[in-house]
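Read the structure below first, then the notes.
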Amino acid sequence: MDQLLFHPKLVHLPMALAVLMPFVTGGVLLAWWRGWLDRRSWVLVFALQAVLVGSGALAMNTGETEEERVEQVVAEKHIETHEEAAEAFVWASGAVLLLMTVAFVLPNGRSRQALLLSGFLGTLVVFGLGYSTGEAGGRLVYEYGAAHVYVVRDRGAIRGDIVTGDDVEDGDSD
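With this note's numbering, the residue at position 79 of the sequence shown is 68, and numbering never jumps.
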């Protein structure tokens, strides 16, 4: 598999799912409670949340793999901000998956309804954490110059000026 830029290629799946999951979860819950869909429809929500958790964990792992290389041009404190946001995002996604699983196996009743609602609210929290993670990652690339470690010319020389986060004053890299 092409290892070059694997992390940036991979991160978009969990980010997209973090945006979609509140809508999917809310829609399936509404349809389930109205009797339009049966209980089995929750499997779709569970499966998508599981993909979010798995792809988020994989994205976090690939980010850790590329961390040393990016530290050549970006201050570690900026990378740590992104890394900590990613960890919170993945752990919260896993907690929501657990809530969704327990809610599915419980019999009808107030406990299950409370867990289903908690799972839905959890998708909103995950959305917010995903936004923070993506924003921190975007800053690494567009504000602090993390992409410069991958921009090469003939003979492996880095093209252009490398701008670290501490050098950015007016947002202009020249």
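By construction, the Cβ of each residue, glycine as well, lies at the ideal position given by its N, Cα and C atoms.
Only a predicted model underlies this, so the values are computations on that prediction, with no experimental measurement involved.
Asked, Found
"Count the other CB atoms, across all protein chains shown, that sit within 10 Å of the CB of PRO12; report buried if there are 16 or more and exposed otherwise.", "Reading the sequence as shown, one finds Phe at residue 12 and not Pro. Answer is exposed; the Cβ neighbour count stays below 16."
"Have a look at ARG128, ALA92, PRO96 and flag the residue whose alpha-carbon is nearest the alpha-carbon of SER107.", "ALA92"
"Quick one: grab the DSSP three-state call for TRP21.", "helix"
"What does the alpha-carbon distance come out to for the pair GLY134 and HIS1?", "19 angstroms"
"In angstroms, rounded to a whole number, what distance separates the CA positions of VAL32 and GLN38?", "10 angstroms"
"So, helix, strand or coil for PRO96, using DSSP?", "coil"
"How many whole angstroms separate the CB atoms of GLY119 and ALA7, which I take to be in contact at a CB cut-off of 8 angstroms?", "3 angstroms"
"Would you mind giving the Cβ-Cβ distance between ALA75 and GLY111, rounded to the nearest angstrom? I have them listed as a contact below 8 angstroms.", "Contact flag wrong, Cβ pair sits at about 17 angstroms."
"Report the residue ranges of all beta strand (DSSP E) runs contained in full by the region 6 to 82; include only those spanning at least 3 residues, in chain order.", "none"
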